[in-house]
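Peer 1: To start, I am sharing the structure in question, which I have written as structure tokens.
In the working numbering, the protein residues as written are 7 to 272.
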């Protein structure tokens, strides 16, 4: 049982059952929370404890929440464990990342279909051979949202999640470290970040749904670095994906279906 106060508020995120909607957007940066909520019909702050800042409201009439995770896989583990305990079933990471393929520009988006588990936190839950994959419904909703918004600068593929920003992503440090980036590039991995593999792994083993969309702030091949580039596009895609998922979920419910399939929504 997760630690909670006498009112049922989860120890880290400071939320209890009923505070969060079933659909949850998860940025890393707490300052991204108001940037997400400004596109909603309404929003109210639920909690702000450490790096975990949360708001709940509605987007185009759909109940929605956002909760920041802070930086790194261990913090994402806290969010998934505690938020799912109080009723969240769908998680969408809204993050930033560094591209490791030359054709990806700063300001582009990466929608993750799966993630390389260099996070190590997920190893506490399951064998390292277990795949970290996005839920197919959330993945399709993110792609559909990008198209509905008229975006063409998005890429879909595999992300590498690391436990460290510096040595873990082959940035210069005071000691020589193992360079994993060339092997990942040859394997077609698109980007580095620090949370997605943990989110995908835990969501799958807990029977939840998860996806991720990240703005590209840097390209490690070209040396370009533009903090904030693409952030608003990533936010818009994530918000719109929740609306799409809700519509699909209602259609599944009306048809008595457990899984989404193409002819159900076309």
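The beta-carbon is built from N, C-alpha and C at its ideal position, and this holds for glycine as well.
If you check the beta carbons only, do residue 198 and residue 103 fall under 8 Å apart?
Peer 2: The residue labelled residue 198 in the question sits at position 192 within the chain shown. The residue labelled residue 103 in the question sits at position 97 within the chain shown. The answer is yes: Cβ separation under 8 Å.
Peer 1: Verify whether the separation of the beta carbon atoms of residue 23 and residue 77 is less than 8 Å.
Peer 2: On the chain shown, position 17 is the one that residue 23 refers to. On the chain shown, position 71 is the one that residue 77 refers to. No, they are not a contact pair.
Peer 1: Go ahead and label residue 12 buried or exposed: buried means 16 or more other beta carbons lie within 10 angstroms of its beta carbon, across all protein chains shown.
Peer 2: For the purposes of this step, residue 12 is identified with residue 6 of the chain shown, where counting begins at 1. It is exposed - the Cβ of residue 12 has fewer than 16 other Cβ atoms within 10 Å.
Peer 1: Which residues in the same chain as residue 179 place their Cβ atom closer than 8 Å to its Cβ, once the five residues preceding and following it in sequence are excluded?
Peer 2: Residue numbering aside, residue 179 sits at position 173 when the chain shown is read from its first letter. Within the same chain, residue 179 has close Cβ partners 172, 173.
Peer 1: Alpha carbon to alpha carbon, what distance is there between residue 236 and residue 112?
Peer 2: Here residue 112 is taken as the residue at index 106 of the chain shown, counted from 1. Here residue 236 is taken as the residue at index 230 of the chain shown, counted from 1. When rounded, the distance between both Cα atoms is 7 Å.
Peer 1: CB of residue 55 to nearest heavy atom of the ligand HEM: below 7 Å?
Peer 2: Ligands are entirely absent from the displayed structure, and the ligand HEM is therefore not among its contents.
Peer 1: Is the separation between the beta-carbon of residue 153 and that of residue 266 shorter than 8 Å?
Peer 2: Here the question's residue 153 lines up with position 147 in the chain shown. Here the question's residue 266 lines up with position 260 in the chain shown. No. Outside cutoff.
Peer 1: Count the other CB atoms, across all protein chains shown, that sit within 10 Å of the CB of residue 182; report buried if there are 16 or more and exposed otherwise.
Peer 2: Residue numbering aside, residue 182 sits at position 176 when the chain shown is read from its first letter. The residue in question, residue 182, is exposed, as its Cβ has fewer than 16 Cβ neighbours within 10 Å.
Peer 1: Starting from the Cα of residue 99, find the closest Cα among 253, 260, 121, 255 and give me that residue.
Peer 2: Start at 1 with the first residue of the chain shown, and residue 99 comes out as number 93. The candidate whose alpha carbon is nearest that of residue 99 is 121.
Peer 1: How big is the Cα-Cα spacing for residue 32 and residue 74?
Peer 2: Reading the chain shown from its first residue, position 26 is the one you call residue 32. Reading the chain shown from its first residue, position 68 is the one you call residue 74. Going from the Cα of residue 32 to the Cα of residue 74 covers about 5 Å.
Peer 1: Quick check on DSSP: helix, strand or coil for residue 93?
Peer 2: Counted from its first residue, the chain shown places residue 93 at position 87. Coil, per DSSP.
Peer 1: Who are residue 118's beta bridge partners in DSSP?
Peer 2: On the chain shown, residue 118 is found 112 positions in, with the first residue counted as 1. Partner(s): 163.
Peer 1: Reducing DSSP to helix, strand and coil, say where residue 3 ends up.
Peer 2: Here the chain comprises residues numbered 7 to 272, so residue 3 is not present and cannot be evaluated.
Peer 1: Cβ atoms of residue 89 and residue 30: under 8 Å apart, would you say?
Peer 2: Counted from its first residue, the chain shown places residue 30 at position 24. Counted from its first residue, the chain shown places residue 89 at position 83. Contact: yes.
Peer 1: Among the residues of its own chain, which have a CB less than 7 Å from the CB of residue 149, if the five just before and after it don't count?
Peer 2: In the chain shown, the residue the question calls residue 149 occupies position 143. If we look at residue 149 and ignore the five residues flanking it on each side, its Cβ neighbours are 117, 162.
Peer 1: Assuming residue 190 and residue 166 make a contact with CB atoms under 8 Å, what is their CB distance in whole Å?
Peer 2: Taking the chain shown and counting its residues from 1, one reaches residue 190 at position 184. Taking the chain shown and counting its residues from 1, one reaches residue 166 at position 160. Confirmed, Cβ separation roughly 5 Å.
Peer 1: Looking at the unbroken alpha helix (DSSP H) that takes in residue 204, where does it start and where does it end?
Peer 2: As a first step, residue 204 must be located in the chain shown, where it is residue number 198. Residues 202-212.
Peer 1: In the DSSP assignment, what are the bridge partners of residue 98?
Peer 2: The sequence position of residue 98 within the chain shown is 92, counting from 1. DSSP output for residue 98 lists 31, 217 as bridge partner(s).
Peer 1: Which residues in the same chain as residue 251 place their Cβ atom closer than 6 Å to its Cβ, once the five residues preceding and following it in sequence are excluded?
Peer 2: Stepping through the chain shown from its first residue, residue 251 is reached at position 245. Here the set comprises 147.
Peer 1: Pick from 202, 151, 66: whose alpha carbon is nearest that of residue 123?
Peer 2: Here residue 123 refers to the residue found at position 117 of the chain shown. Comparing Cα-Cα distances from residue 123 to each of 202, 151, 66, the minimum goes to 202.
Peer 1: From the DSSP output, read off the bridge partner residues of residue 68.
Peer 2: For the purposes of this step, residue 68 is taken as residue 62 along the chain shown, with counting starting at 1. Its beta-bridge partners are 65.
Peer 1: What did DSSP end up calling residue 104 once you bin it into helix, strand or coil?
Peer 2: Reading the chain shown from its first residue, position 98 is the one you call residue 104. It is a strand residue.
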